[in-house]
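> Quick one: the structure is below, questions incoming.
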Amino acid sequence: MSPAHRRLLASGRVASVALAAAVLLGVAAASLAVAQAWLLARTITGAFLDGAGVAALAVPLAALALVLGARAVLSWAAEVVAQRISGAVKAELRVRLLSRAVALGPRWAAGQASGELVLLATRGLDALDGYYGRYLPQLALGVVVPVAVVGCLLAVDVVAAITVALTVPLIPVFMALIGRMSEAHRRRRWTALSRLAHRFADVVAGLPTLRAYGRADAQVAILRRITDAYRTTTLATLRIAFLSALTLELLATISVALVAVGVGLRLATGGMSLEAGLFVLVLAPEAYLPLRRLGAELHASEEGLTAAREAFAVIDAPLAPVGAGLAPPERVGGLAIEAVSVEQPGRDVVAPASASLVVRSGEVVAVTGASGAGKSTLLAVVLGLLVPTSGRVRVLGLDRLGTDEPGVDVRDLDLDAWRSRVAWVPQAPWLFAGTVADDVRLGAPDASDAAVAEALGAVGLADVASSLALGERGSGLSSGQRRRVGIARALVRHAPVLLLDEPTAGLDAGAEASVMRAVRAAADGGAAVLLVAHRP
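The sequence shown begins at 17 in the numbering used here and counts up by one.
What follows is the structure, encoded as C-alpha cells:
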C-alpha cells in the first residue's frame, strides 16, 4: 500500500469511520452472498430433483427474495455512507490544505502557481469521491468476500476451495503490475491538467492586457496545445484502464471455468451431489466479483490519489521555526537590523549580505540596490516570513518617557501579534473584487468614509470614487492606481511600522510626489518607515 493510501486511511476520525463501515458492509455482503448461493441451490434442487411445488418452495423463495432485496439495500446504503464520508474527508483535507497554505505565508505562495493550487483544492480533492465512494468499499469487499467464500467452499468441496484460493491472488498481482505501468501516465495526466489550469488562470487574469496588445490569439494557440496534451494523456490512461479491465475479466473467467470443470467432472462420476455442485457454481464467481470491480475502481480513484499526494506535499511543507511567542513592545520605537544575511535554497548568492540599519519612529529609511540584492528578502525577514541565515532584526521599544528600550528579536515574537503592528505593501498589492473603499478597508475594517477618502487623497487618488467597483486583482484600475490603493490601505491602518516594497515603481512624477508626501506624513505621525527602492 502506497504512503498516500495509508495517509488517506489514517487522515482523522472520519477516515477511521469510513474504514470500519467498509469492513462491516463487506462482512454483511459476504454473508448475504453465501446465503444467496445456498438458497438458490436449495430451491433449484427441490424443484427439479424432489419435484416440490410452489407451495413447498414458498419459504426458500421468500428467503431468496429477502436476500436479494437486502443486497440491493446494502449496496445503496454503502453508496450513501461512502459519499457522506467522502464529503467529510474532503472538507477536512481542504481545511488542512488551505490552513497550511496560509501558514506558509506569501513568500511560499509567490513561488506557487495559483491555478494549480486552485485546481488542487477544488477538482483535485473532488476526485477523492472515487476513492472513498467506490474504491474503499470495494477494497473491503475484495478482502472479506473471497476469504468467506473459500471458507464456505472448504466445508462443501475442498478441490473447488483450493482452486479458488490459488487463482484469486492472481487478480491483485496483475492489478499491482498494471498499477505500476499506469503510474507514469497518471502523473503525466495530472501535470498536463495542472499546466492547463495554471495557463488558463493566467490568461483570464491578463485577458484585457492581451486584447489591448493583440496577443489573445497567440495565447489561444498555446491553450489549444496544452489542451491537446491533456487529451492525449487522458486517452493513454483510459487505454490502460480498458486493457486492465479486459485482463482481469479474462483471469476471473478462466478461474471460474476451472472450478466449473472440476465440479462437472465430480457430478458426472457421482462424487458430488447436485445441491453441493450448484452451491459451488453459484458461490465461486462471488469470490472474483469484488476483485474485478476493485480493478475497475482503482483507475477511478487514481486521480484522487494523485491529488492527495500533492495536497499532502503542501500539508507537510515545513513552517518557519516558531519563537518564544513574546508580545511586541507596547510602544514600538523602530527597527534595528543587525548584520542580516539570507542564503536561500537554489541561489548561489547570499542576498542580503550583512545588512545593517536602524529606522526609528518618525524616520523614513530607504534600502536601495540592484535587482537580486535581497531588498524584498530583507522585508520578509522583518515580517518574520523568512529566518535569516545569520544576524537578527530587533523591534525597538519606547518607555513612557520615550527612551529606547533594548527591543526583542523578531524570531522570539508572537508573529501574529507582531504583524498586526505592521503595515506592509508588496510590489504588487492584491486587490479583491469589490469597491475601492472595500479594498482600502481591508487594512482597517472600522475605517470611516472620511478616513478612506483621506487615505486615497493622500496618495493622489482623490479623483477615484471610493464606490468604484473593481474586478478581481483590481481590474478597472491602472497598475499605478492599484499600487496606490495598496498604499492607501496601509496608511489607513496607522501602524507603528510601515514597510513599502518599491512604492513608486511605475508612477509618474506627480503620483510619485503624492506618495512620498503621504509616506513622510505617516513618519511625522510616529511611524517607522522602511521602504525599498532601486534608486535613492
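Quick reminder that beta carbons are idealized off the backbone N, C-alpha and C, glycines included. Since the structure is predicted, the reported quantities are computational estimates derived from the model, not experimental observations.
In three-state DSSP terms, what is L65?
Of the three classes helix, strand and coil, the one that applies to L65 here is coil, per DSSP.
> Please state the DSSP three-state secondary structure of W446.
Of the three classes helix, strand and coil, the one that applies to W446 here is coil, per DSSP.
> For the region 356–443, list the beta strand (DSSP E) runs that are entirely contained and at least 3 residues long, ordered along the chain.
Whole beta strand (DSSP E) segments, 3+ residues: 371–376, 380–384, 406–414, 420–425 and 438–441.
> Just to confirm, is the Cβ distance from L136 to A38 under 8 Å?
Their beta carbons are not under 8 Å apart, which means L136 does not touch A38 by this criterion.
> Which residues does DSSP pair with I353 in a beta bridge?
Answer by DSSP bridge pairing, in chain order: L373 and V409.
> What is the DSSP secondary structure of T451, counted as helix, strand or coil?
Correct three-state label for T451: strand.
> Quick one: grab the DSSP three-state call for V39.
The answer is helix: DSSP assigns V39 an H, G or I state.
> Determine the extent of the alpha helix (DSSP H) in which L259 is found, giving its start and end residues.
Where L259 is concerned, the enclosing alpha helix (DSSP H) stretches over A232 to A284.
> What separation, rounded to the nearest whole angstrom, lies between the Cα atoms of M197 and V426?
The straight-line gap from Cα to Cα measures roughly 50 Å.
> Classify V548 as helix, strand or coil using the three-state DSSP reduction.
In this structure, V548 counts as strand in the three-state DSSP scheme.
> Suppose the cutoff is 7 Å on Cβ atoms and the five residues either side in sequence are ignored; what does the same chain contact list for A367 look like?
Contacts found: V358, G388, A389, G390 and T393.
> Our contact map puts S260 next to Y304 with C-beta atoms below 8 Å; I'd like the distance itself, whole angstroms only.
Rounded, the Cβ-Cβ distance is 15 Å, inconsistent with contact.
> With distance defined between alpha-carbon atoms, name the residue in I178, A273, R247 and A156 nearest to A98.
Closest by alpha carbon: A156.
> If you run the structure through DSSP and keep just helix, strand and coil, what is L515?
Strand.
> Can you tell me which residues form a DSSP beta bridge with L294?
Paired residue(s): none; L294 is not in a bridge.
> Smallest Cα separation from H510: which of A460, Q497 and A525?
Checking every option, the nearest Cα to that of H510 belongs to A460.
> Return the residue from the list S210, T263 and S91 that minimises the CA-CA distance to L239.
Looking at the Cα atoms, S210 is the closest of the given residues.
> When DSSP labels each residue in this structure, what does L73 get in the three-state scheme?
Correct three-state label for L73: coil.
> At 4 residues or longer, and completely inside the region 107–195: list those alpha helix (DSSP H) runs for me, N to C.
Counting whole runs of 4 or more residues, the region 107–195 contains the alpha helix (DSSP H) stretches 130–135, 152–172 and 174–183.
> Assign P422 to one of two classes, buried (16 or more other C-beta atoms within 10 Å of its C-beta) or exposed (fewer than that).
Exposed, by the Cβ-count rule.
> If contact is defined by three or more beta carbon pairs under 8 Å, each pair taking one atom from either stretch, is the region 430–449 in contact with the region 467–482?
Verdict: no, contact absent.
> Considering Cα atoms alone, identify which of D465, D173 and A485 is closest to S289.
Taking only the C-alpha atoms, the option nearest S289 is D173.
> Along the chain, where does the alpha helix (DSSP H) that runs through L507 open and close?
Where L507 is concerned, the enclosing alpha helix (DSSP H) stretches over S495 to L507.
> Ignore the nearest five residues each way along the sequence and tell me which others in G320's own chain have a CB closer than 6 Å to its CB.
Counting only Cβ-Cβ distances below 6 Å, and skipping sequence neighbours, we find A143, L144, G146 and Y147.
> If V383 sits next to V548, beta carbons under 8 Å apart, how far is it from one beta carbon to the other, in whole angstroms?
Yes, they are in contact, since the Cβ atoms of V383 and V548 sit about 5 Å apart, within 8 Å.
> Whose C-alpha, out of V409, L414 and W446, is nearest the C-alpha of D428?
Comparing Cα-Cα distances from D428 to each of V409, L414 and W446, the minimum goes to V409.
> What does A485 pair with, by DSSP beta-bridge criteria?
The partner list for A485 (beta bridge, DSSP) reads T451.
> Roughly how many angstroms lie between the CA atoms of L114 and G400, to the nearest whole one?
Those two C-alpha atoms are separated by around 20 Å.
> Any idea which residues DSSP pairs L342 with across the strands?
According to DSSP, which records beta bridges pairwise, L342 is partnered with L429.
> Cβ of L299 within 8 Å of Cβ of V279?
Not closer than 8 Å, so no.
> Contact check, T183 vs L274 under 8 Å by CB: the rounded distance?
Rounded, the Cβ-Cβ distance is 7 Å, consistent with contact.
> Any chance the region 451–466 sits against the region 482–492, with 3 or more Cβ pairs inside 8 Å?
Contact between the region 451–466 and the region 482–492 is present, because at least three Cβ pairs lie under 8 Å.
> Comparing alpha-carbon positions, which option in V330, E265 and G496 lies nearest A312?
It is E265.
> On the criterion of 16 or more Cβ atoms from any shown chain inside 10 Å, does S495 qualify as buried, or is it exposed?
Exposed, because fewer than 16 other Cβ atoms sit within 10 Å of the Cβ of S495.
> In whole angstroms, what is the alpha-carbon distance linking R203 and E326?
Distance between the alpha carbons of R203 and E326: 11 Å.
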